[in-house]
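For reference, the structure discussed in these notes is given below.
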Amino acid sequence: FISGLGQIVGCVNDPKALKVVVETLGFQHLDLEVTIPRVVVFRDAITELLSVEMGLRFTDRAARGWQAMLNYVGGAYIYVRQKYAGRLKILAASWAIATNKKVDAHEIVVDEGGGSGEANGMENAEGASGEVVAESQQQTSGEKLLSFMKEAKVKKAMIVPTTYNEMFQFNAAVMGFKTNTWMHEVLESFDAIVTNVGNSYRLQEECDILSLKIAKYKDSINLVEYKAVMLASLRSLVRDWGSELEVSWSWLWDNVQKMIKALIGKPMLQERALERLLSAFDDTKQDTVRREVYKSFFALAPAGQDYFKQSTTRLHFIADRVVAMTLEIYKDPVKMVEDISALGLRHVGYGISTDFF
């Protein structure tokens, strides 16, 4: 919240930059029902807080300026949600077509029955007439049969991509991006990004994890290249591709690209800072962290105490693992996502509410 508000205030003197920031934030709030009454409540709460904290320094002119800015932002959120609701439906419908998993590939079927029937007919004819086929003719027919069988095998081996992942890999190779291995990381996360475009928290989470993955690549990363391959693949898979689909998918990737770009370069710095912090912990600090973790958690969610009835040693082990995982997710994000998912599956039977998260 503070980061977004800071971006808005920082761009007040630049209308074009302010428009981009507000549209991006509006994209991230598509799942929230922003209404005029709620905008008024939020605006008044912010201005009243500033008035209390700043006192006489918060003049009437400053109050009017903040009200005008927050009115603009709230109106933009409402506009984005109303205008782009149709695009979300277009994205969902076209993505369902592009990721059809019922038929992974179409094989060209070659009818070989004609060839064998022709051969049997020739044998019957030879038996009936008793004529001996000349050696040169046998060689010619044998070469033709061998050539036909080879051609049939080649045709049967031909596979036409019919899913987005297959078509993307094909187009990436054709367009000269086969060596851009970082694209595979985006490809693996793309389904979750598209299906959760209307869930701001999950979308931000997917972009965060993706930024951790691509941070491990030392090659230069140009996200525009992914967009080119993405659009080429979707055009090949979705029938009746038109301007609305082009605009909708470009709009989606442009916003996702802004979210990822804002994180590029930061994971490496954050990993170093966190590693220095954790390495400086002695036994006393570690013990303090263990106690404060549960103290803060139980203060925020008192009902959570019902799920932590293990021994003190076990509780300390859990706290230590949580702290260690914050660093491990920077070092190996793919493995950590798998480990955390597996851990969640092992605890499904406890029926823990997501409110505790």
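Under the numbering used here, residues 1 to 357 are what the sequence shown spells out, in order.
Backbone N, C-alpha and C fix where the C-beta goes; we use that ideal spot for every residue, glycine too.
In terms of residue numbering, what span does the alpha helix (DSSP H) encompassing V322 cover?
Position 322 of the sequence shown, counting from 1, holds the residue named residue 322. That run of the alpha helix (DSSP H) goes 312–331.
Of the choices Y164, I2, A301, L32, whose alpha-carbon is the least far from that of W95?
Residue numbering aside, residue 95 sits at position 95 when the sequence shown is read from its first letter. Selected option, being the one with the closest Cα: Y164.
Kindly indicate which three-state DSSP category V160 falls into: helix, strand or coil?
Here residue 160 is taken as the residue at index 160 of the sequence shown, counted from 1. Three-state result, V160: strand.
Can you tell me which of R276, L274, R314, A319 puts its alpha carbon nearest to the alpha carbon of S296?
In the sequence shown, the residue the question calls residue 296 occupies position 296. Minimum Cα distance to S296 is reached at A319.
Give the single residue among F177, S189, G198 whose Cα lies nearest to the Cα of A225.
Within the sequence shown, numbered from 1, the residue matching residue 225 stands at position 225. Here the sequence assigns Glu to residue 225, which means Ala is not the residue at that position. Among F177, S189, G198, the Cα nearest to that of E225 is on F177.
Which residues bound the alpha helix (DSSP H) around E271?
Translated into positions along the sequence shown, residue 271 becomes position 271. E271 -> alpha helix (DSSP H) spans 266–279.
Following the continuous alpha helix (DSSP H) through F42, name the residue where it begins and the one where it ends.
To locate residue 42, count along the sequence shown from 1; it is residue 42. Element bounds for F42: 36–54.
Grab me the residues of V80's own chain with a C-beta within less than 6 Å of its C-beta, minus the 5 sequence neighbours each way, in chain order.
Numbered from 1 along the sequence shown, position 80 holds the residue referred to as residue 80. Same-chain partners within the cutoff: G26.
Report yes or no: do three or more beta-carbon pairs, one from the stretch 262–273 and one from the stretch 187–206, lie closer than 8 Å?
As far as the Cβ criterion goes, the stretch 262–273 does not touch the stretch 187–206, which means the pair count is below three.
One question on the structure: do G75 and V20 come within less than 9 Å of each other, judged by their Cβ atoms?
What you label residue 75 is simply residue 75 of the sequence shown in a count that begins at 1. What you label residue 20 is simply residue 20 of the sequence shown in a count that begins at 1. Not a contact, by the Cβ cut-off of 9 Å.
Can you tell me whether DSSP reads S233 as helix, strand or coil?
What you label residue 233 is simply residue 233 of the sequence shown in a count that begins at 1. Reduced to three states, the DSSP call for S233 is helix.
Please name the residue, chosen from D219, V229, F298, that lies closest to A173 on a Cα-to-Cα basis.
To locate residue 173, count along the sequence shown from 1; it is residue 173. The candidate whose alpha carbon is nearest that of A173 is V229.
State the CB to CB distance for the pair F42 and L70, rounded to an integer number of angstroms; the pair is presumed to be in contact (CB under 8 Å).
Here residue 42 refers to the residue found at position 42 when the sequence shown is read from its first residue. Here residue 70 refers to the residue found at position 70 when the sequence shown is read from its first residue. That pair is a contact at about 7 Å.
Under a Cβ-count criterion, where at least 16 other Cβ atoms within 10 Å of its own Cβ denotes burial, should Y358 be classed as buried or exposed?
Any question about residue 358 goes unanswered here, given that the chain covers just 1 to 357.
Flag this pair as yes or no: are the beta carbons of S200 and L32 separated by less than 9 Å?
By 1-based counting over the sequence shown, the position of residue 200 is 200. By 1-based counting over the sequence shown, the position of residue 32 is 32. In this structure, L32 lies closer than 9 Å to S200 by Cβ.
In or out: P15 buried (at least 16 other Cβ within 10 Å) or exposed?
In the sequence shown, counting from the first residue as 1, residue 15 sits at position 15. Label assigned to P15: exposed.
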